Structure formats: structure tokens, C-alpha cells
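Report on the structure given below.
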Amino acid sequence: MRYFFHLHDDIEAHDEEGRELPDIEAARRSALAEIRQVAAESVHEGPLNLGHYVEVEDESGTRVLKITFGEAVTVVPA
Amino acid sequence: MHQRTTPNLQLFLDRLTSRSILTPTEQEAVLSLPVHALQAPSNHDFVRLHEKVSHACFIVDGLVGRFDQTSDGKRQITALHIPGDMPDLLSVVQPTATSALHALSTATILQVPHSALRAISAKHPPIAEAFWRDCMVDSMILAQWVVNVGRRSAKARIAHLLCEMAVRYRADTSEDQVRYNLRMTQDQLADTTGLTPVHVNRSLMALRDDGVSFRGGTVRIEDWRRLTEIGDFDAGYLQADLQSSARLRIVPSNAA
């Protein structure tokens, strides 16, 4: 199954290539890894918006996942 | 007629003589190296990690990635090689592959036996010099890539890579607008720049505002100088525009 990972942060990055993955769980793991990498650069620059999100569509165009940055990271309050 | 369509080493000679001075006899010796042609299918390792090889590979057509990986299997592209490159020329002195060579697109490869490369180097030291410089340029590119993944932002990494490949593909960068083909997916760009595919896509979207588009394997740059500034790119390390006076030759031509 091909999944498409659309990023919605201060830039809208629509995924036109997608990638082959065995199932939705693999897609969830990929989305988490993607968010953590993009969020890491935000942290590097300072501001991190936990409401930004990645939306995953399957090849029929159905949205199968939406994961916010807040759900992908664990923030331990001071 | 037949000879013209047979894959040969002319591109390799062109590459060597763009940086080094070779006499007609030496040039003929390069073109006369024995070769074995093969087609490497897309997404295929034609040199496997830790494989002991007895030939070096010259790329006639296609795009090749040198892959290295961590012990838990995470892969990173540590070099891109295009037609005219001999990505594992160093295998003549280090025959056990410490990196895999992977066809990112269908590639036409000419295998050149190490024994022949050793013999031509012994007989014609200026050719060994030319090989030396070829390997040196590869290592200078690698140094730039280390700076890229270690010190540059995601957007700057992509910008730097798009500039480097434009120069290596000999796209015309004398005008603002630059066009060239780069048959890579976002996954492959991610493996090249130490990013993830979504992060690559985000960086490409950010570059759109700077007049850069990458679609269907075609790079379109509206403002070359601006992209070089974003990518912190200076083409000097690629040795692409060496004047003949700056080309290396330790052994005088008249001694050859």
C-alpha cells in the first residue's frame, strides 16, 4: 500500500510521491519519525508549534492518520 | 558506426583531461583499456558492501549512489555519481568494498579490471596522477557533504546539493535561469542529505519561494546566484572550470 505524508506546519508540503509500506502501523511509525525530524529543526531555531501536524492518506486519497507534533513528542514540564 | 554506439571510455577520458594534462599516447592508452559492459537495474547494488572486487566501475549512463550504513541498517548515500565518474577507482588500492554502489536509476556500467588500471598507471605515471586527482575531487565533494549534513539547515542542504549537481551535470550556470535533469526521488534526496522525505519535501516547498522547482526529475532554477547564496555554495571544489595552466602534471609532457 502506498501512503502519502502531507505536512502542515508553517509551510504546506503536499506529498506527491508517497512510499510503499506494509500497513497503517508502519505508516504511523514513519509519520512519527518524520514529525520528530521536522520538529527537531524547529527546536533548533526556537519556536515549536505542537499544533502542527502530519496527515497521512492512502492511495485512494482517504485520510487514514492525522498526528500532531504534540502527539509525536513527549514534553516534560519543568 | 558500430563503434560509436558501443559504450566506451570517452567520457572517462574527457573527465580526466578536464583536470589533468595527458599526451595523445596517454589518451589513447585510456581509451584502449579493456572493459566489460553491464546494465545495472534500478534500485540494485552492483557492488555489494564488503564484496571483494577485481575491477573498477565506470558509469556511462544513469545515476549511482554510494551507500554506507549503520550496524542497525540505516542507510546513507555518501556520494552521487553521474556519467563520466568512476566511483570506485580507489578499489584498485582498496579492493574490499567499504561502501555499496547502488543504481538509483537503470545504469550502464563498464567494468575495468584492476590489473589493467595498475598496468596503465605503471606504464604512464601521468595517468596515475590523473587518477589521483579524480579521487581527490571525490574526497573534496565528500568534505562538502560533511559540512552539509553537519552544519547546514535542511533548506540550505538541499540548495547546496542542487547547485553541486547543476555544476557536475555541466548545466549552463552563466545565466540566472538554470535547468537540468536530476532523476532522484524525495527518498533518495533524504538519504543524501541526512533528512527524512517529508523534511526534503518541506525544504523543496520553502525553496519554491526562491524560484526553485523540482518536479518529474527536472530542476528549474530561476535565480542561480540566489540559490548559491541559500546553499552557501562555491563551485571551486568541483574543479570543473580549471584552466589548462592550472591542470596537474608532475611528469613533464616531453618525458612521456
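Chains as they are written, first to last, in the numbering used here: chain W, 3 to 80; chain R, -16 to 239.
No residue lacks a Cβ here, since even glycine has one placed at the ideal position from N, Cα and C.
Please read all numbers here as calculations on a predicted model, not as lab measurements.
(message) Please classify R/T179 as buried or exposed, where buried requires at least 16 other C-beta atoms within 10 Å of its C-beta.
(response) In the second sequence, counting from the first residue as 1, residue 179 of chain R sits at position 196. Under this definition R/T179 is a buried residue.
(request) Could you tell me which chain R residues have their CB closer than 8 Å to the CB of W/A35, listed as they occur along the chain? (result) Sequence index remark: in the first sequence, residue 35 of chain W carries index 33 (1-based). In chain order: T179.
(request) Mind listing the chain R neighbours of W/L50? Cutoff is C-beta to C-beta under 7 Å, in chain order. (result) The residue labelled residue 50 of chain W in the question sits at position 48 within the first sequence. Under the 7 Å cutoff, chain R gives no residues; its nearest Cβ is about 15 Å from W/L50.
(message) the ligand FMN and R/A218: does any heavy atom of the ligand fall closer than 8 Å to the residue's C-beta?
(response) Ligands are entirely absent from the displayed structure, and the ligand FMN is therefore not among its contents.
(request) Report yes or no: do the stretch 184 to 194 of chain R and the stretch 137 to 155 of chain R share at least 3 C-beta pairs separated by less than 8 Å? (result) yes
(message) Rounding to the nearest angstrom, what Cα-Cα distance links R/L16 and R/Q171 in this structure?
(response) Position 33 of the second sequence holds residue 16 of chain R. Position 188 of the second sequence holds residue 171 of chain R. Between R/L16 and R/Q171, the C-alpha separation is close to 33 Å.
(request) Within its chain, find whatever has a CB closer than 6 Å to the CB of R/H64; leave out the 5 residues flanking it on each side and keep chain order. (result) On the second sequence, position 81 is the one that residue 64 of chain R refers to. Cβ within range, chain order: I42, V47, P70.
(message) Considering only the alpha carbon of each residue, which of R/Y152, R/R209, R/H97 lies closest to R/G194?
(response) Locating residue 194 of chain R in the second sequence gives position 211, counting from the first residue. Closest in alpha carbon position to R/G194, among R/Y152, R/R209, R/H97, is R/R209.
(request) Quick one: using the 10 Å Cβ neighbour count with 16 as the cut-off for buried, is W/S62 buried or exposed? (result) Stepping through the first sequence from its first residue, residue 62 of chain W is reached at position 60. With fewer than 16 other Cβ atoms within 10 Å, it is exposed.
(message) For a test of the three-state rule: what should DSSP assign to R/G177, helix, strand or coil?
(response) Looking up residue 177 of chain R in the second sequence gives position 194. Judged by DSSP in its simplified three-state form, R/G177 adopts coil rather than helix or strand.
(message) Just to confirm the assignment, what range does the beta strand (DSSP E) spanning R/T61 have?
(response) Along the second sequence, one-based indexing puts residue 61 of chain R at 78. 58 to 64 is the extent of the beta strand (DSSP E) around R/T61.
(request) Would you list, in chain order, the members of the stretch 153 to 183 of chain R that have their beta-carbon closer than 8 Å to a beta-carbon of chain W? (result) Taking 8 Å as the upper bound on Cβ-Cβ separation, chain W lies near residues T168, Q169, D170, L178, T179, P180, V181, H182 of the stretch 153 to 183 of chain R.
(message) Using beta carbons (cut-off 9 Å, strictly below), is R/R31 in contact with chain W?
(response) Position 48 of the second sequence, counted from the start, is the residue given in the question as residue 31 of chain R. Cβ-Cβ to chain W under 9 Å: no for R/R31.
(request) Name the two residues that bound the continuous alpha helix (DSSP H) containing W/A74. (result) Locating residue 74 of chain W in the first sequence gives position 72, counting from the first residue. Segment 71 to 74, the alpha helix (DSSP H) holding W/A74.
(request) Can you have a look at R/N244 and say buried or exposed, based on whether 16 or more other CB atoms are within 10 angstroms of its CB? (result) Here chain R covers residues -16 to 239 and nothing more, so residue 244 of chain R does not appear.
(request) Name the two residues that bound the continuous alpha helix (DSSP H) containing R/T79. (result) The count along the second sequence starts at 1 and reaches residue 79 of chain R at position 96. Note, R/T79: premise wrong, no alpha helix (DSSP H); not H, not E.
(message) I need the boundaries of the alpha helix (DSSP H) containing W/Q39, first residue and last residue.
(response) Here residue 39 of chain W corresponds to residue number 37 of the first sequence, with the count starting at 1. From DSSP, the alpha helix (DSSP H) with W/Q39 extends over 26 to 47.
(request) Could you name the residues that DSSP lists as bridge partners for R/G67? (result) In the second sequence, counting from the first residue as 1, residue 67 of chain R sits at position 84. Paired residue(s): none; R/G67 is not in a bridge.
(request) Return yes when the Cβ of R/L84 is within less than 9 Å of the Cβ of R/C40, no when it is not. (result) Within the second sequence, residue 40 of chain R is the residue found at index 57, counting from 1. Within the second sequence, residue 84 of chain R is the residue found at index 101, counting from 1. In contact: R/C40 and R/L84 (Cβ atoms closer than 9 Å).
(request) Using 10 angstroms around the beta-carbon of R/D55, count the other beta-carbons present and answer buried if the total reaches 16, otherwise exposed. (result) The residue given as residue 55 of chain R occupies position 72 in the second sequence. When all chains shown are included, R/D55 counts as exposed.
(message) I'd like to know if the stretch 201 to 208 of chain R and the stretch 155 to 170 of chain R are in contact, where contact means that at least 3 CB-CB pairs between them fall below 8 Å.
(response) yes
(request) Jot down the residue ranges of each uninterrupted beta strand (DSSP E) in the stretch 194 to 230 of chain R, minimum 3 residues, whole runs only, in chain order. (result) 195 to 198, 201 to 204
(message) Using the three-state DSSP reduction, which class does R/A20 fall into: helix, strand or coil?
(response) Stepping through the second sequence from its first residue, residue 20 of chain R is reached at position 37. If DSSP states are grouped into helix, strand and coil, R/A20 belongs with the strands.
(request) Can you tell me the Cβ-Cβ gap for W/V56 and W/H8, rounded? I've got them flagged as a contact below 8 Å. (result) Counting from one through the first sequence, the residue named residue 56 of chain W turns up at place 54. Counting from one through the first sequence, the residue named residue 8 of chain W turns up at place 6. Between W/H8 and W/V56 the Cβ distance is about 7 Å, and since that is below 8 Å, they are a contact.
(request) Assign W/E22 to one of three DSSP states: helix, strand, or coil. (result) Taking the first residue of the first sequence as 1, we reach residue 22 of chain W at position 20. Strand, per DSSP.
(request) Report the neighbours of W/A15 on chain R: residues whose CB is nearer than 7 Å to its CB, in chain order. (result) Translated into the one-based positions of the first sequence, residue 15 of chain W becomes position 13. By Cβ distance, chain R contributes V181, N184, R185, M188.
(message) Let's see if you can read the secondary structure: which residues bound the beta strand (DSSP E) around R/Q160?
(response) The residue given as residue 160 of chain R occupies position 177 in the second sequence. Here R/Q160 belongs to no beta strand (DSSP E), and DSSP marks it neither H nor E.
(request) Could you tell me the distance, in whole angstroms, from the CA atom of R/R198 to the CA atom of R/I4? (result) What you label residue 198 of chain R is simply residue 215 of the second sequence in a count that begins at 1. What you label residue 4 of chain R is simply residue 21 of the second sequence in a count that begins at 1. Using only the alpha carbons, I get a separation of about 39 Å.
(message) Can you find the residues in the same chain that come closer than 7 Å, C-beta to C-beta, to W/A33, ignoring five residues on each side of it along the sequence?
(response) The residue labelled residue 33 of chain W in the question sits at position 31 within the first sequence. Within the same chain, W/A33 has close Cβ partners F7, V56, V58, L67, I69.
(request) Would you decide whether W/V24 is buried or exposed? Buried here means 16 or more other CB atoms lie within 10 Å of its CB. (result) Residue numbering aside, residue 24 of chain W sits at position 22 when the first sequence is read from its first letter. The identity of residue 24 of chain W in the sequence shown is Pro, whereas the question assumes Val. It is exposed - the Cβ of W/P24 has fewer than 16 other Cβ atoms within 10 Å.
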